[in-house]
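J.: Next up is a structure, given as C-alpha cells.
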Amino acid sequence: MRIATLTLLMLLTGTSWAGTMAISAMPGGAVIFKKVESIRERRFANLVEQKTDFSCGAAALATILRQAYWLDVDEAHIIKGMLVTADQDLVRTQGFSMLDMKRYLESIGMRARGYKIAPETLLTVKIPVVVLLEIRGYKHFVVLQRADKDWVYIGDPVLGHKRYSHDDFVKGWNGIVFAVLGEGYDKANVLLDPPLPLTAKSQMNEFRPVGDAELMDFGFIQSDFF
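In mature numbering (1 follows the signal peptide of the UniProt record, and there is no 0), the protein residues as written are -18 to -1, 1 to 208.
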C-alpha cells in the first residue's frame, strides 16, 4: 500500500519567520494554503505594541478600543489626543497617567471608571481593563484580559501575551483596575480569550461571553448595548 506523503512548503516573508504553508495530503491532490504565524506575531496577536518609552498607557488603551469597541485608533492617535490636556513635562519623565487616559476617553464620548478591588475578587473582572504593574521598579500599564483560579492573563505592550500566577501578579499590582466604558462594546471580544502560552499542554475552560447584568456592575448602562 502506497504511503500518503505530506509536503510542507514555507514561503517566508522578510525576517519575521511567518509565511504560508502549502499542504498536500495525497500525491497529486489539491493543495491547501494555510497562514503560519511567527512566534512574535502570536505573542502580540490582537495587541498594540508599545513604540516609545512613555506610551504603555496609550498602547494598552488602543488595544482595548480596537478589540473591544472596534475603533480605528492606534498608539500615535491616542498619544496625540492625550497630549492635548496632559502635562507634557510630566509625560516626558513619568509617562501618561490614568487621569490622562480618563480625559482622553471623555473627549471621544466614552467613560472611564477606576475601581480598587481585593486580590481575591480578580475572578469577578469580566471585561478587559487597564492595570498598573510595578516590575523591577518600573511602573508599566498593561491590559488585564481575564483571570481564573490559577492565572492572570495579561496583554503587555512590551512583552506581548503573558500570564502570571495570582501571587506574582498581586506583588506588582496596585489594586486598581481602570475600566473603559461606552457604546458598542463587543461582549465576545478576543481579549477575553487570550492565546495559551506556547508551552502550555492543557486547554482553557470554554470561553463564554459576559451577560449584560455583569457588565452593568462595572459601570455600563443599558443604552451602551444598543
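Ideal Cβ placement from N, Cα and C applies to all residues, glycine included.
#1: Quick one: Cα of D54 to Cα of R48, how far?
#2: How is the alpha helix (DSSP H) around F151 delimited, first residue to last?
#3: To which residues of the same chain is G63 closer than 6 Å at the C-beta, ignoring the five residues directly before and after it?
#4: Expressed to the nearest angstrom, what Euclidean distance is found between the alpha-carbon atoms of A42 and G137?
#5: Using the C-alpha atoms, what's the distance from G157 back to W52?
#6: Measure the beta-carbon distance from A44 to I60 and round it to whole angstroms, keeping in mind my assumption that it falls under 8 Å.
#7: For V66, count the other beta carbons within 10 Å of its own beta carbon; 16 or more makes it buried, fewer makes it exposed. Which is it?
#8: Kindly identify the DSSP beta-bridge partner or partners of Y120.
#9: Would the stretch 137 to 146 and the stretch 96 to 107 be scored as touching if the rule is three or more Cβ pairs under 8 Å?
#10: Using the Cα positions of L163 and F151, report the straight-line distance between them to the nearest angstrom.
#11: Taking a contact to mean a Cβ-Cβ separation below 8 Å, would you say P139 touches V124 in this structure?
#12: Can you grab the Cα-Cα spacing for the pair D35 / K169, in whole Å?
#13: With DSSP collapsed to three states, give me the class of G63.
#14: To which residues of the same chain is E31 closer than 7 Å at the C-beta, ignoring the five residues directly before and after it?
#15: Enumerate in chain order the residues of its own chain whose CB-to-CB distance from C38 is below 6 Å, with the five nearest sequence positions on each side excluded.
T.: By the coordinates alone:
#1: 6 Å
#2: Counting along the chain, the alpha helix (DSSP H) containing F151 begins and ends at H148 to G154.
#3: Y86
#4: 8 Å
#5: 28 Å
#6: 5 Å
#7: exposed
#8: According to DSSP, Y120 shares a beta bridge with I117.
#9: no
#10: 24 Å
#11: yes
#12: 32 Å
#13: helix
#14: Here the set comprises A41 and P139.
#15: Q32, H122, F123 and P139
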